[in-house]
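Undergrad: Heads up: the protein sequence lines correspond to chains A and B, in order.
So the first sequence is numbered by our numbering: it starts at 51 and just counts up by one.
So the second sequence is numbered by our numbering: it starts at -1 and just counts up by one.
Yeah, the Cβ is synthetic: ideal placement off N, Cα and C, and Gly gets one too.
Every value quoted in this text rests on a predicted model; they were computed, and no experiment measured them.
Questions regarding the structure given below will be posed in turn.
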Amino acid sequence: MSVLNPSPTGLQPITTHQSHEGPGNFITKYIFSTDHKIIAIQFLFTTLLMMIVGGALALAVRWQLAFPWESMPIVGPWLFAAEGGQISPEFYTMLFTMHATVMIFLVIIPILAGTFGNYLIPLMIGADDMAFPKLNMLSYWFMWPAIACFGMSFKYAGGPAAGWTSYPVLADLAQAAPGSGTAQTFWLLGVTFVGFSSMMGSINYMTTIINMRAPGMTFFRLPMTIWGLFITAILQAFALPVLTAGGFMQVADRLFGTCFFYPSGLVINNAAATVGGGQPLLWQHLFWFYSHPAVYIMLLPIMGMVSDMLSCMCRKPLFGYKPMVFSMSAIASLGFIVWGHHMFTSGMNPAVGMAFMVSTMMIALPSAIKTFNWTATIWGGKLEFNTVTLNCIAFLSMFIVGGLSGIFMAAVPVDVYFHDTYFIVAHFHYILFGATLFGVFAGIQFWFPKMFGRMMNEKLGKTHFVLTFIGANGTFFPMHFLGMQGMPRRYADPYLHGYLEHLLPMNQFMTLSAILMGAAQILLFINIFYSMFFGPKAGRNPWNATTLEWAAPSPPPHGNFDFVPMVYHGPNEYAVVNGDKDFLMQTEQECQPPRNITTSDTSV
Amino acid sequence: MGKGWCLFFLFWPVAAVVSCAAAPFIGWSFPYDNAQAASNLGIRIDHLFYLILAITAAVFIGTQAVLVYALWRSANNRDERAQHTHGNHKLELIWSIIPGAILLFLALYQMNLWADFRFKNHYPEAAVKDPLAEVTARQFEWRFRYPAIGKQLQPKPQPDDLYTVNELHVPFGKPVLIQLRSDDVQHSFFLPALRIKQDALPGLQIPVWFEANKPGVYDLVCAELCGWGHYKMKAHVIVEPEEEYQAYLKNLTQQQSYDGLGQIAANENGSESEAAEK
Chain A
51 MSVLNPSPTG LQPITTHQSH EGPGNFITKY IFSTDHKIIA IQFLFTTLLM
101 MIVGGALALA VRWQLAFPWE SMPIVGPWLF AAEGGQISPE FYTMLFTMHA
151 TVMIFLVIIP ILAGTFGNYL IPLMIGADDM AFPKLNMLSY WFMWPAIACF
201 GMSFKYAGGP AAGWTSYPVL ADLAQAAPGS GTAQTFWLLG VTFVGFSSMM
251 GSINYMTTII NMRAPGMTFF RLPMTIWGLF ITAILQAFAL PVLTAGGFMQ
301 VADRLFGTCF FYPSGLVINN AAATVGGGQP LLWQHLFWFY SHPAVYIMLL
351 PIMGMVSDML SCMCRKPLFG YKPMVFSMSA IASLGFIVWG HHMFTSGMNP
401 AVGMAFMVST MMIALPSAIK TFNWTATIWG GKLEFNTVTL NCIAFLSMFI
451 VGGLSGIFMA AVPVDVYFHD TYFIVAHFHY ILFGATLFGV FAGIQFWFPK
501 MFGRMMNEKL GKTHFVLTFI GANGTFFPMH FLGMQGMPRR YADPYLHGYL
551 EHLLPMNQFM TLSAILMGAA QILLFINIFY SMFFGPKAGR NPWNATTLEW
601 AAPSPPPHGN FDFVPMVYHG PNEYAVVNGD KDFLMQTEQE CQPPRNITTS
651 DTSV
Chain B
-1 MGKGWCLFFL FWPVAAVVSC AAAPFIGWSF PYDNAQAASN LGIRIDHLFY
49 LILAITAAVF IGTQAVLVYA LWRSANNRDE RAQHTHGNHK LELIWSIIPG
99 AILLFLALYQ MNLWADFRFK NHYPEAAVKD PLAEVTARQF EWRFRYPAIG
149 KQLQPKPQPD DLYTVNELHV PFGKPVLIQL RSDDVQHSFF LPALRIKQDA
199 LPGLQIPVWF EANKPGVYDL VCAELCGWGH YKMKAHVIVE PEEEYQAYLK
249 NLTQQQSYDG LGQIAANENG SESEAAEK
């Protein structure tokens, strides 16, 4: 199908679905809304709020590592008056547990699936809403019991202290640690609620993308963003039930003494534990069967969004659309068979380790292909360095680091040394902060005009970007060196050990960088709230982009489109001559032949 | 303005490469003075690490350079329009096959090393026949149980077994095997100098072998979160010549079989070695 001959095949009428009423009063319009756009914005503000919480927890962790056992300025005496403002080792374990929990379950996953998924899926495929608007509303409101559970475990029950991985026996038996008590049960319930929320979301996204595409929107005309979100939804739908099942088993262990995850003969705190018969290894398999795919759940939507944004900012079609789709699918399917690489040192059969090593090595390949394709998209483009571009490039630059350090993890003998050291912490922060959050910043800036009808401030955006980029690299790059020197993670005071004594200055440098990075986020919040009310008004298509959402009014009304969207060709048709424009929207039928098409063109 | 941003994106990979290149010279590399593993297997692991480091460094420099150059070209594009291309099959095949081949090579290359490290049928026979000690991790200390001199380690504790806490003595130059277990929660036996790490799982007894190749006192730490005192599971592994090790065991036997009546001053000043000399 070339752009010149829009194919009539694959046309589908907009599927009718349970139509819902338009906005009524304030409560049905803005609070218990079934409109995907309002739900997306609810998700956006909730996750941004949670980002402040997660970031503050991270800063507290970093404070302890830079100035161990010293009172935290300002907040220390207020939070831990009993300990003289110090962070106690018990509290330290809760800090990093909750930092990870909040960031993963309440920030990154919901901001991607909840905010961008909800906002973009119906608009980009030309639908008027999600397939199940009420389920969609419920998926947002299930966030709150989760937040309540996490809050309860944090504040009223001593705080969960077993890490976000919740490894038994520490997390399974109340007497194993202060903080493994009721707090852990609340924590598990919180995870289960978040799980329900994501599950409802993913079912909704899959159904919507499969059934409700506009006429002409074939699968290979979907924007990459939608591909990313679609594959993520599939991953979630298949992997999440396993974690939920495991979570219920752990709750049963805790409340009814079922002993799925702990063996007999344990002696904890000089007291024999109850009967056993289980194995902690079982939990690790169940946990990572979800939580490794979860890494891709936190990355694939961003990969899709960055593909679309880069292509738009470079005014150039995405280099290799189909290979990009296939490598995403490859990442997703391989993502199911690499969970064991979290367990190379766990004592499982080493032969199994070998199989996981090969699959893990192979998952690096599609990621590499994607990186090359993005670079090739920039090559020969016509780039404007605005905030969106800068954040996308930061995504790419930091994703390369995170991807490459992943190869060390895949090599089992090397991983044995790096396992549970700061090298791992460096690796996943380069992916989750460096890649995902920079992608999120780009995405917020890019789709803000559609969401609120106003542009964000460029100067504030660029300052935020520069400070965040410097802070992020200053915080996370030295972690590689900490890992090299063998500093284990989750240590309240690594300097107790002779071979780690000299690491204090490095940790102090990292903490200062982290404070810079944290402070920079204030600019993001100022920018969002200022621009919401005072930013310059944006038209329908301020970026001269091609995908369907830019054909709708900004912000789109209830029901999204004021015309029936028809799709005539693939996304990302830039650098074509079309009147006086260099782009061709998916809804536009007529155009002149594209200039300077290369001979090896493999367009879809 | 574009040029400035290109330099901005050039600056940080340069800083990364420079700091990585300087790392071995300023003590940011593997632990202990000369950054060399204190076991033969550890040295092989280091080699694998450096091989991967060389490959990833080349890829890192290459991709970042191409990225910055692409940005530079793209920012200074004076054409009316960007290039219109949807991709290039040949190019994409090349950059799929080459990394694929490298990754496959790496995967196959390390299989032997992994087998020698962890496959039970690759363990040194002598070490398997006569395990050195049983290591029990518990909140928040390491306990060691040696068999009596001349006897073999039994799965169950024996009356004449020797016990120590947080100090493991090991002879160097020969492979030794320890039986790793945990009394309570999950721990991990991490000997950074020897590049050894193995989780201690409640309910399992996991054999771990290693061969220290130079004498020294090495830190033994816990690498798996085991509760609030995780960071303070501090122990030492003392690698010494065989005869010193035997002398240590004898000394330990003497101390632990002391019935309170003999000549030995019962550790009044707390020093084991002085007690042994008397």
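Taking the alpha carbon of Pro400 of chain A as the reference point, which residue from B:Asn119, B:Asn75, B:Thr61 and B:Cys4 has its own alpha carbon closest?
TA: In the first sequence, counting from the first residue as 1, residue 400 of chain A sits at position 350. Distances from the alpha-carbon of Pro400 of chain A to those of B:Asn119, B:Asn75, B:Thr61 and B:Cys4 put B:Asn119 closest.
Undergrad: With a threshold of 16 other CB atoms inside 10 Å of the CB of Leu106 of chain B, please say whether the residue is buried or exposed.
TA: Residue numbering aside, residue 106 of chain B sits at position 108 when the second sequence is read from its first letter. So Leu106 of chain B counts as exposed.
Undergrad: Looking only at DSSP bridge pairs, what is Ile236 of chain B linked to?
TA: As a first step, residue 236 of chain B is located in the second sequence; it is residue number 238 there, counting from the start. Paired residue(s): B:His167 and B:Val215.
Undergrad: Where does the unbroken alpha helix (DSSP H) through Lys88 of chain B begin, and where does it stop?
TA: Within the second sequence, the letter at position 90 stands for residue 88 of chain B. That run of the alpha helix (DSSP H) goes His87 to Tyr107.
Undergrad: Taking the alpha carbon of Pro210 of chain A as the point to measure from, which residue in A:Ser230, A:Met505, A:Ile197 and A:Cys199 has its own alpha carbon closest?
TA: On the first sequence, position 160 is the one that residue 210 of chain A refers to. Looking at the Cα atoms, A:Ser230 is the closest of the given residues.
Undergrad: Please list, in chain order, the chain A residues whose beta carbon lies closer than 8 Å to that of Asn75 of chain B.
TA: Your numbering for residue 75 of chain B matches position 77 in the second sequence. Neighbours of Asn75 of chain B on chain A, chain order: Gly430, Gly431, Lys432 and Leu433.
Undergrad: Counting C-beta neighbours from all protein chains within 10 Å, is the total for Asp179 of chain A 16 or more, i.e. buried, or is it exposed?
TA: Sequence index remark: in the first sequence, residue 179 of chain A carries index 129 (1-based). Buried is the call here.
Undergrad: Anything in the stretch 24 to 36 of chain B with a Cβ closer than 8 Å to a Cβ of chain E? List those residues in chain order, please.
TA: The chain labelled as chain E is not found among the protein chains of the depicted structure, namely A and B.
Undergrad: What is the DSSP secondary structure of Asp303 of chain A, reduced to helix, strand or coil?
TA: Your numbering for residue 303 of chain A matches position 253 in the first sequence. The answer is helix: DSSP assigns Asp303 of chain A an H, G or I state.
Undergrad: When the Cα atoms are used, what is the spatial distance from Ala35 of chain B to Val168 of chain B?
TA: For this step, residue 35 of chain B is matched to residue 37 along the second sequence. For this step, residue 168 of chain B is matched to residue 170 along the second sequence. Approximately 16 Å, taken between the alpha carbons.
Undergrad: Under 8 Å between C-beta atoms, does Val168 of chain B make it to chain A?
TA: Counted from its first residue, the second sequence places residue 168 of chain B at position 170. For Val168 of chain B, the answer is no, since every Cβ of chain A falls outside 8 Å of its Cβ.
Undergrad: Which residue marks the beginning of the beta strand (DSSP E) containing Lys366 of chain A, and which one marks its end?
TA: Working through the first sequence from its first residue, we reach residue 366 of chain A at position 316. Where Lys366 of chain A is concerned, there is no enclosing beta strand (DSSP E), given that its DSSP letter is neither H nor E.
Undergrad: Whose C-alpha, out of A:Phe243, A:Ile88 and A:Phe449, is nearest the C-alpha of Pro605 of chain A?
TA: Translated into the one-based positions of the first sequence, residue 605 of chain A becomes position 555. Measuring from the Cα of Pro605 of chain A, the nearest candidate turns out to be A:Ile88.
Undergrad: Report all residues from its chain with a CB closer than 7 Å to the CB of Leu285 of chain A; omit the five preceding and five following residues, and keep chain order.
TA: Reading the first sequence from its first residue, position 235 is the one you call residue 285 of chain A. Cβ within range, chain order: Pro343, Tyr346, Ile347, Ala382 and Gly385.
Undergrad: Between the alpha carbons of Trp10 of chain B and Asp181 of chain B, how many angstroms are there, rounded?
TA: Indexing the second sequence from 1 puts residue 10 of chain B at position 12. Indexing the second sequence from 1 puts residue 181 of chain B at position 183. Between Trp10 of chain B and Asp181 of chain B, the C-alpha separation is close to 47 Å.
Undergrad: Which residues bound the beta strand (DSSP E) around Arg136 of chain B?
TA: The residue labelled residue 136 of chain B in the question sits at position 138 within the second sequence. Segment Ala131 to Arg136, the beta strand (DSSP E) holding Arg136 of chain B.
Undergrad: Can you tell me where the beta strand (DSSP E) holding Tyr624 of chain A begins and where it ends?
TA: The sequence position of residue 624 of chain A within the first sequence is 574, counting from 1. Note, Tyr624 of chain A: beta strand (DSSP E), Glu623 to Asn628.
Undergrad: For Pro139 of chain A and Arg143 of chain B, I'd like the C-alpha separation in whole angstroms.
TA: Counting from one through the first sequence, the residue named residue 139 of chain A turns up at place 89. Counting from one through the second sequence, the residue named residue 143 of chain B turns up at place 145. When rounded, the distance between both Cα atoms is 29 Å.
Undergrad: In chain A, what lies closer than 8 Å to Ser72 of chain B by C-beta?
TA: On the second sequence, residue 72 of chain B is found 74 positions in, with the first residue counted as 1. Ordered by position in chain A, the residues that pass the 8 Å Cβ test against Ser72 of chain B are Cys364, Ile428, Trp429, Gly430, Gly431, Lys432 and Leu433.
Undergrad: If the cut is a Cβ gap below 8 Å, which residues of chain B does Ser396 of chain A touch?
TA: As a position in the first sequence, residue 396 of chain A is number 346, starting the count at 1. Result: Asp197 and Leu199.
Undergrad: Identify every residue that forms a DSSP beta bridge with Tyr144 of chain B.
TA: As a first step, residue 144 of chain B is located in the second sequence; it is residue number 146 there, counting from the start. Paired residue(s): B:Leu160.
Undergrad: Any idea what DSSP makes of Leu178 of chain B, helix, strand or coil?
TA: Numbered from 1 along the second sequence, position 180 holds the residue referred to as residue 178 of chain B. Strand, per DSSP.
Undergrad: Counting only beta-carbon atoms, is Met506 of chain A nearer than 8 Å to chain B?
TA: Taking the first residue of the first sequence as position 1, residue 506 of chain A is located at position 456. Not one chain B Cβ lies under 8 Å of Met506 of chain A.
Undergrad: Scan the stretch 225 to 242 of chain B for residues whose Cβ lies nearer than 8 Å to a Cβ of chain A and list them as they occur along the chain.
TA: Gly225, Trp226, Gly227, His228, Tyr229, Lys230 and Lys232
Undergrad: For Leu546 of chain A, go through chain B and note every residue whose CB falls closer than 7 Å to its CB, in chain order.
TA: Residue mapping note: residue 546 of chain A aligns to position 496 of the first sequence, counting from 1. Near Leu546 of chain A (Cβ distances below 7 Å), the residues of chain B are Tyr229, Lys230 and Lys232.
Undergrad: Counting C-beta neighbours from all protein chains within 10 Å, is the total for Lys212 of chain B 16 or more, i.e. buried, or is it exposed?
TA: Against the second sequence, residue 212 of chain B aligns to sequence position 214. Exposed, because fewer than 16 other Cβ atoms sit within 10 Å of the Cβ of Lys212 of chain B.
Undergrad: Please name the residue or residues paired with Glu139 of chain B in a DSSP beta bridge.
TA: Translated into positions along the second sequence, residue 139 of chain B becomes position 141. Beta-bridge pairing links Glu139 of chain B to B:Arg136.
Undergrad: Mapping the DSSP letters down to three states, classify Arg504 of chain A as helix, strand or coil.
TA: Looking up residue 504 of chain A in the first sequence gives position 454. DSSP places Arg504 of chain A in strand when its eight states are reduced to three.
Undergrad: With distance defined between alpha-carbon atoms, name the residue in B:Ser72, B:Leu39 and B:Gly2 nearest to Lys432 of chain A.
TA: For the purposes of this step, residue 432 of chain A is taken as residue 382 along the first sequence, with counting starting at 1. Here the closest residue by C-alpha is B:Ser72.
Undergrad: For Trp70 of chain B, report the span of its alpha helix (DSSP H) as first-last.
TA: The residue given as residue 70 of chain B occupies position 72 in the second sequence. Asn38 to Ala73 is the extent of the alpha helix (DSSP H) around Trp70 of chain B.
Undergrad: Starting from the Cα of Gln636 of chain A, find the closest Cα among A:Lys205, A:Leu316, A:Ala601 and A:Met299 and give me that residue.
TA: To locate residue 636 of chain A, count along the first sequence from 1; it is residue 586. With distances taken between Cα atoms, Gln636 of chain A lies closest to A:Ala601.
Undergrad: Over the uninterrupted alpha helix (DSSP H) stretch that includes Gln234 of chain A, give me the two end residues.
TA: Looking up residue 234 of chain A in the first sequence gives position 184. Looking at the DSSP string, the run of the alpha helix (DSSP H) that includes Gln234 of chain A is Thr232 to Asn261.
Undergrad: Please state whether the Cβ-Cβ distance between Ile50 of chain B and Phe458 of chain A is less than 8 Å.
TA: If you number the second sequence from 1, residue 50 of chain B lands on position 52. If you number the first sequence from 1, residue 458 of chain A lands on position 408. It is a contact, given that the beta carbons lie within the stated cut-off.
Undergrad: Could you check whether the Cβ of Phe329 of chain A sits closer than 8 Å to any Cβ belonging to chain B?
TA: Within the first sequence, residue 329 of chain A is the residue found at index 279, counting from 1. The sequence shown places Gln at residue 329 of chain A, not Phe. Taking Cβ atoms only, chain B reaches closer than 8 Å to Gln329 of chain A, which makes this a yes.
Undergrad: Only counting runs of 4 or more residues, tell me where the alpha helix (DSSP H) segments fall wholly within the stretch 506 to 582 of chain A, in order along the chain.
TA: Fully enclosed alpha helix (DSSP H) runs of 4 or longer: 508 to 534.
Undergrad: Alpha carbon to alpha carbon, how far is Phe519 of chain A from Leu487 of chain A? Give it in angstroms, no decimals.
TA: What you label residue 487 of chain A is simply residue 437 of the first sequence in a count that begins at 1. What you label residue 519 of chain A is simply residue 469 of the first sequence in a count that begins at 1. Cα to Cα, the separation comes out at about 11 Å.
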